[in-house]
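Enquirer:
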Amino acid sequence: MSSVLPTSLTRGPFVPPSKSRQMVILSIILAALLSRSTVVSTPRLAVQEWYSERVRVRNDRKRREAETPLNTPALEKKLVDLYIRDPSSDSRTLLVPHMGKISKVRITPTSSELYKEHLSLFPRMTGSEKLGVNKEFWRMLKAVLKVTFPSKRGKEVFLLLLHSFFLVSRTVLSVMVARLDGKIVRDLVSANAVGFLRGLGWWFILAVPSTYTNAMIRYLERKLALAFRTNLTRYIHDLYLNDNLNYYKFGSGVGGQVAMGEGREKKHGGFGGSSEAAAGTADQFITTDVARFCDSLAALYGNMGKPALDLLIFTSQLSSSLGPLGTIGLFANYGLTAYILRKATPAFGRMAATTARLEGNYRAGLSRVGRDAEEVAFYNGGKRERGILEGMYRKLKEHVQAVHKARIPYGMIEDFVIKYLWSAAGYGLMSIPIFFPVATTALGPTNHRVNHEIAERTEGYVSNRRLLLSLADAGGRLMYSGKDLAELSGYTSRVYSLISALHSLDNGIYPEHPRPSSLSPNDTFYDMANIQGQVSIGPNHLLLRGVPIVAPPEGSGAERGGEELIKSLDLRVEKGDHTLITGPNGVGKTSVARIIAQLWPVWKGLLERPRHGEGGIFFLPQRPYLSIGSLRDQVIYPHTYAEMKSRGRTDTELMMILEAVHLEYLPGREGGWETRKEWKDVLSGGEKQRMGMARLFYHRPQFAVLDECTSAVSSDVEGLMYEHAKALGITLVTISHRPSLLKYHNRHLRLGDPSQPVPSAPSRAQSTYSLTAFQTPSQSDAPHQKMPATPLASQGWQLTTLSSSSAEEKLELDKEIEALEMTLNEEVEKWEKRLREITKELKSGEHVDRRQV
1 MSSVLPTSLT
11 RGPFVPPSKS
21 RQMVILSIIL
31 AALLSRSTVV
41 STPRLAVQEW
51 YSERVRVRND
61 RKRREAETPL
71 NTPALEKKLV
81 DLYIRDPSSD
91 SRTLLVPHMG
101 KISKVRITPT
111 SSELYKEHLS
121 LFPRMTGSEK
131 LGVNKEFWRM
141 LKAVLKVTFP
151 SKRGKEVFLL
161 LLHSFFLVSR
171 TVLSVMVARL
181 DGKIVRDLVS
191 ANAVGFLRGL
201 GWWFILAVPS
211 TYTNAMIRYL
221 ERKLALAFRT
231 NLTRYIHDLY
241 LNDNLNYYKF
251 GSGVGGQVAM
261 GEGREKKHGG
271 FGGSSEAAAG
281 TADQFITTDV
291 ARFCDSLAAL
301 YGNMGKPALD
311 LLIFTSQLSS
321 SLGPLGTIGL
331 FANYGLTAYI
341 LRKATPAFGR
351 MAATTARLEG
361 NYRAGLSRVG
371 RDAEEVAFYN
381 GGKRERGILE
391 GMYRKLKEHV
401 QAVHKARIPY
411 GMIEDFVIKY
421 LWSAAGYGLM
431 SIPIFFPVAT
441 TALGPTNHRV
451 NHEIAERTEG
461 YVSNRRLLLS
471 LADAGGRLMY
481 SGKDLAELSG
491 YTSRVYSLIS
501 ALHSLDNGIY
511 PEHPRPSSLS
521 PNDTFYDMAN
531 IQGQVSIGPN
541 HLLLRGVPIV
551 APPEGSGAER
561 GGEELIKSLD
571 LRVEKGDHTL
581 ITGPNGVGKT
591 SVARIIAQLW
601 PVWKGLLERP
611 RHGEGGIFFL
621 PQRPYLSIGS
631 LRDQVIYPHT
641 YAEMKSRGRT
651 DTELMMILEA
661 VHLEYLPGRE
671 GGWETRKEWK
681 DVLSGGEKQR
691 MGMARLFYHR
701 PQFAVLDECT
711 SAVSSDVEGL
721 MYEHAKALGI
731 TLVTISHRPS
741 LLKYHNRHLR
751 LGDPSQPVPS
761 APSRAQSTYS
771 LTAFQTPSQS
781 DAPHQKMPAT
791 PLASQGWQLT
801 TLSSSSAEEK
811 LELDKEIEAL
821 EMTLNEEVEK
831 WEKRLREITK
841 ELKSGEHVDR
851 RQV
């Protein structure tokens, strides 16, 4: 194409384009019309039928909307069906209300085989990677592109090819417009009215595909960015929210160091994440950073591909006009420009990554205040939180200001090179055909007529000037893309580090740390890279055999290893073995639940537990979680309404469950099952915990681990709920400080240091009552008895089997009653003494007043 166009457009009077050119133009116009709508090629009858169907559907929708308001229960029930699971596979079908109907969108999750295949592409980052456009950047980008382009025949490849077609078409049209511009000016100078009007006609003809091509280039660029983001988001969601609890590990920030790709400026840690992970900035990675990466990648293809193609084609076109000397000058200008800008370009990649990190920290701070607003308000901590946020924003502002200052000299050099140096070079190159006619053949044979010679020179000047302007624009955009490429390297590092961290978490890959010299030789060093415990999911019992209770290290503390709470725990819970776990604060009660739930690793020993969910095991934390959705969704969580219906459950059954937890008034008070509210703000603390027990009764597991899940519930309602749980056949493993719960269990697991004394009764010197039967104070004035030095107690725990008439249970209850009586007697004596003092003071005051009178 480049060798044909100059010959036909630069010689002789203006003539219509050749047959091949006409075919090109007609093909472009036809492609535009065909891609605009498929209705063009449809027969007239089919068009009428299609239009009639659209009108009928629109009228039906309007009629239904007029008859059925949007808040009717029927529509609400459709809206609560978010998706339907396919029992034959892991795919889901989203239910999307659209035009009065429910559209179904099938989503297939990422296969585990693909994750295994990609594991080698995303090795764990060490934190020493240098950001920038270097070899490491191209390796990261290649790995991420495997996710954005999951298939060689996918939609993304088609969009890319279509985008490339329009980019090439835009360049070809630019060459044709430049040549046609020269012809129009030549005919104008030559006073050729017919040729001038014919040129204007072709000008308007070329305007149609040119404008359509520009619009399609922008549209396809956005379409590509959206396709990239969709693929990346689904890939990350499936890896982040999977059964390995990567979302918990990443967000908790505990465990071995796995770098998050901030270069050499930042030390990293975290349970597969970094200190940012501990701050809860996964949303910053998954939303902002992924979106910026996709937008930058899609724009960079057009910003680099189109200018590079323009440089090749425009240079080829100009070489025939400028000759070898001008061509050499063009390439010399390219090389000089690239050298100058490369030397003047700051580290935009590192700047972009640092900006994203600081924005994530600031965003996490704002989210924390909004999430814990009530607690902050009770402490009157608004001023303190404002200071923290202002500090975060100040760091972000200072960094952004530094980036802007770094752009000033770069912008000056860039503008000078692109606008002025290239313009001067362009004028110099355009003068070559005029001052050195021997060096070019673009002007054709010399004509002795002065007017014709002026017209020829004007045509060559206008055509070459437009081509040089387009060439300068292409070169400028190509040079600008160097900055965009540097910023893309920063976004690539962020996205790659997120995927790499999630892959490391998913496969249990952690860095090895040497044993700290400060650690005692008798102490065990718990390193995340040396987890040897075994886990078996499926048995119909709960078993911990030789399992140490260890808190994983957090952040930079990974080098010190995990903190051992209990050296070795042996616990077996069969069906009906209701077990109460008690002990002082910080002894590891909740840690046992975390290990059973596999939130924390099993360093040694064996863990056997039922599967999670209905008929297996269920966990209730102390802080209840209320999801986004209707009142019904709060009871059946994590099930959806569609899953509830597929299991044959009804709203009547849900009402019976609410009656069991004394929440039967909620549907009437809140407006029905379909009511959607911010439930964490609507329900009180006790109502939230009772809602958690309602979920337990809905799922009916065989085993339930309850971690202080009724601490805000009154004792009478609490007892009724425990009795109901046992009546449903649920085996309870309860973590609590309340001694009153002992009567609902037949086993008692007491955690604590056996070297600490266990008081038999509270000291009379104590002003407040402590649960002495279950907590071990570090100091007390009363005499104490030692915990029996049994092999079990020597490990930091003691398991006792109880019965309804056991002496130990009676002893514990007697201790509680005795402690309460002693506390009351002590307080009554204090109150009586204080009352006598006040009465005496009042009498003495009255006596003084009388004497004064």
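Quick note: the sequence shown, position 155, residue 155 per the UniProt record's numbering, numbers continuous.
Idealized CB from N, CA, C, for every residue including glycine.
Which word fits L173, buried or exposed, when buried means at least 16 other C-beta atoms lie within 10 angstroms of its C-beta?
Expert: Translated into the one-based positions of the sequence shown, residue 173 becomes position 173. Its Cβ being crowded by 16 or more others within 10 Å, L173 is buried.
Enquirer: From what residue to what residue does the alpha helix (DSSP H) around E614 run?
Expert: As a first step, residue 614 must be located in the sequence shown, where it is residue number 614. Element bounds for E614: n/a, residue is neither H nor E.
Enquirer: Could you round the C-beta distance between L543 and L606 to whole angstroms and report it? I think they count as a contact, below 8 Å.
Expert: Looking up residue 543 in the sequence shown gives position 543. Looking up residue 606 in the sequence shown gives position 606. A Cβ-Cβ separation of about 7 Å places L543 in contact with L606 under the 8 Å criterion.
Enquirer: By DSSP's criteria, T582 is part of a beta bridge. Which residues make up the other side?
Expert: By 1-based counting over the sequence shown, the position of residue 582 is 582. DSSP, once it has assigned bridges, lists R750 as partnering T582.
Enquirer: Buried or exposed for E554, please, with buried defined as at least 16 other CB atoms from any protein chain shown within 10 angstroms of its CB.
Expert: Here residue 554 corresponds to residue number 554 of the sequence shown, with the count starting at 1. It counts as buried.
Enquirer: Does DSSP put G546 in a helix, a strand or coil?
Expert: Working through the sequence shown from its first residue, we reach residue 546 at position 546. In the structure shown, G546 sits in a strand (DSSP, three-state: E or B).
Enquirer: If you draw a straight line from the C-alpha of V587 to the C-alpha of L751, how long is it?
Expert: On the sequence shown, residue 587 is found 587 positions in, with the first residue counted as 1. On the sequence shown, residue 751 is found 751 positions in, with the first residue counted as 1. Each residue's alpha carbon lies about 7 Å from the other.
Enquirer: Are the region 702 to 711 and the region 615 to 626 in contact at 8 Å, needing three or more beta carbon pairs?
Expert: yes
Enquirer: Could you please give the first and the last residue of the uninterrupted alpha helix (DSSP H) stretch that includes T590?
Expert: Mapped onto the sequence shown, residue 590 falls at position 590. Element bounds for T590: 589 to 596.
Enquirer: Quick check: the Cα distance between Q602 and G508, rounded to an integer number of angstroms?
Expert: Residue mapping note: residue 602 aligns to position 602 of the sequence shown, counting from 1. Residue mapping note: residue 508 aligns to position 508 of the sequence shown, counting from 1. Per the sequence shown, the amino acid found at residue 602 is Val instead of Gln. Rounded to whole angstroms, V602 to G508 spans 12 Å at the Cα level.
Enquirer: Should M412 go down as buried or exposed, given a rule of 16 or more other Cβ atoms within 10 Å for buried?
Expert: The residue you call residue 412 lines up with position 412 of the sequence shown. Looking at its Cβ environment, which holds fewer than 16 other Cβ atoms inside 10 Å, M412 is exposed.
Enquirer: Taking C-beta to C-beta, are L485 and V147 nearer than 8 Å?
Expert: Taking the sequence shown and counting its residues from 1, one reaches residue 485 at position 485. Taking the sequence shown and counting its residues from 1, one reaches residue 147 at position 147. No; because the gap between Cβ atoms is not below 8 Å, this pair is not in contact.
Enquirer: Since residue 938 and L580 are thought to touch, with beta carbons under 8 Å apart, how far apart are those beta carbons, to the nearest angstrom?
Expert: It is not possible to answer for residue 938, since the shown part of the chain is limited to 1 through 853.
Enquirer: What separation, rounded to the nearest whole angstrom, lies between the Cα atoms of residue 855 and S52?
Expert: Beyond the ends of the chain as shown, which are 1 and 853, falls residue 855; an answer cannot be given.
Enquirer: What three-state label does DSSP hand T72 in the structure shown?
Expert: Looking up residue 72 in the sequence shown gives position 72. Model confidence at T72 stands at a pLDDT of 45, short of 50, so the residue's coordinates are unreliable; what they give is reported in the following sentence. The answer is coil: DSSP assigns T72 none of H, G, I, E or B.
Enquirer: Less than 8 Å between the C-beta atoms of Y722 and Y744, yes or no?
Expert: Translated into positions along the sequence shown, residue 722 becomes position 722. Translated into positions along the sequence shown, residue 744 becomes position 744. Yes, Cβ-Cβ distance for Y722 and Y744 is below 8 Å.
Enquirer: If you run the structure through DSSP and keep just helix, strand and coil, what is T731?
Expert: Translated into the one-based positions of the sequence shown, residue 731 becomes position 731. In this structure, T731 counts as strand in the three-state DSSP scheme.
Enquirer: From this set, D577, V547, A551, L519, which residue's C-alpha is nearest L569's C-alpha?
Expert: Your numbering for residue 569 matches position 569 in the sequence shown. Looking at the Cα atoms, V547 is the closest of the given residues.
Enquirer: If I follow the unbroken beta strand (DSSP E) through L696, where does it start and stop?
Expert: The residue you call residue 696 lines up with position 696 of the sequence shown. In the DSSP assignment, L696 falls outside any beta strand (DSSP E) and lies within the alpha helix (DSSP H) extending over 685 to 699.
Enquirer: When burial is assigned at 16 or more other CB atoms within 10 Å of the CB, is G538 buried or exposed?
Expert: Numbered from 1 along the sequence shown, position 538 holds the residue referred to as residue 538. So G538 ends up on the exposed side.
Enquirer: Helix, strand or coil for L396 per DSSP?
Expert: Along the sequence shown, one-based indexing puts residue 396 at 396. In this structure, L396 counts as helix in the three-state DSSP scheme.
Enquirer: Looking only at its own chain, which residues have a Cβ that is under 6 Å from the Cβ of E129, when we skip the five neighbours before and after it?
Expert: The residue given as residue 129 occupies position 129 in the sequence shown. These residues qualify, in order along the chain: E136.
Enquirer: Could you tell me the distance, in whole angstroms, from the CA atom of K104 to the CA atom of A642?
Expert: Indexing the sequence shown from 1 puts residue 104 at position 104. Indexing the sequence shown from 1 puts residue 642 at position 642. Approximately 14 Å, taken between the alpha carbons.
Enquirer: Which same chain residues, not among the five before or five after K840, have their C-beta less than 7 Å away from its C-beta?
Expert: Translated into the one-based positions of the sequence shown, residue 840 becomes position 840. Excluding residues within five positions, none has a Cβ falling inside 7 Å.
Enquirer: Can you give me the C-alpha to C-alpha distance between L654 and G616, rounded to a whole angstrom?
Expert: As a position in the sequence shown, residue 654 is number 654, starting the count at 1. As a position in the sequence shown, residue 616 is number 616, starting the count at 1. So the two alpha carbons sit approximately 20 Å from each other.
Enquirer: Tell me whether the beta-carbon of R170 lies closer than 8 Å to the beta-carbon of T233.
Expert: Residue 170 sits at position 170 when you count from the first residue of the sequence shown. Residue 233 sits at position 233 when you count from the first residue of the sequence shown. Contact: no.
Enquirer: Ignore the nearest five residues each way along the sequence and tell me which others in A291's own chain have a CB closer than 7 Å to its CB.
Expert: Locating residue 291 in the sequence shown gives position 291, counting from the first residue. Closer than 7 Å at Cβ, skipping near neighbours: R229.
Enquirer: Can you determine whether any heavy atom of the ligand MG sits closer than 7 Å to the C-beta of E841, and answer yes or no?
Expert: For the structure depicted, the ligand MG is absent and the ligand set is empty, with no information on it obtainable.
Enquirer: From this set, L197, K223, V177, which residue's C-alpha is nearest L206's C-alpha?
Expert: For this step, residue 206 is matched to residue 206 along the sequence shown. Taking only the C-alpha atoms, the option nearest L206 is V177.
Enquirer: Go to K249, then tell me how far its alpha helix (DSSP H) extends in each direction, as first and last residue.
Expert: Working through the sequence shown from its first residue, we reach residue 249 at position 249. Its alpha helix (DSSP H) spans residues 246 to 252.
Enquirer: Taking the alpha-carbon of K567 as reference, which of K604, E674, R407 has the nearest alpha-carbon?
Expert: Along the sequence shown, one-based indexing puts residue 567 at 567. Nearest option by C-alpha distance: K604.
Enquirer: Could you check if P624 is buried or exposed, using at least 16 other CB atoms within 10 Å of its CB as the buried criterion?
Expert: Locating residue 624 in the sequence shown gives position 624, counting from the first residue. Flag for P624 reads buried.
Enquirer: Could you tell me the alpha carbon to alpha carbon distance between E487 and A298, rounded to whole angstroms?
Expert: Position 487 of the sequence shown, counted from the first residue, corresponds to residue 487. Position 298 of the sequence shown, counted from the first residue, corresponds to residue 298. Taking the straight line joining both Cα atoms gives about 13 Å.
Enquirer: Would you mind sorting G648 into buried or exposed? The rule is 16 or more other CB atoms within 10 Å of its CB.
Expert: Stepping through the sequence shown from its first residue, residue 648 is reached at position 648. So G648 counts as exposed.
Enquirer: Would you kindly check if the distance between the Cβ of A501 and the Cβ of E512 is under 8 Å?
Expert: Here residue 512 corresponds to residue number 512 of the sequence shown, with the count starting at 1. Here residue 501 corresponds to residue number 501 of the sequence shown, with the count starting at 1. Cβ distance not < 8 Å, so E512 and A501 don't count as in contact.
Enquirer: Is the Cβ-Cβ distance between L696 and A660 less than 8 Å?
Expert: Position 696 of the sequence shown holds residue 696. Position 660 of the sequence shown holds residue 660. Cβ atoms of L696 and A660: not closer than 8 Å.
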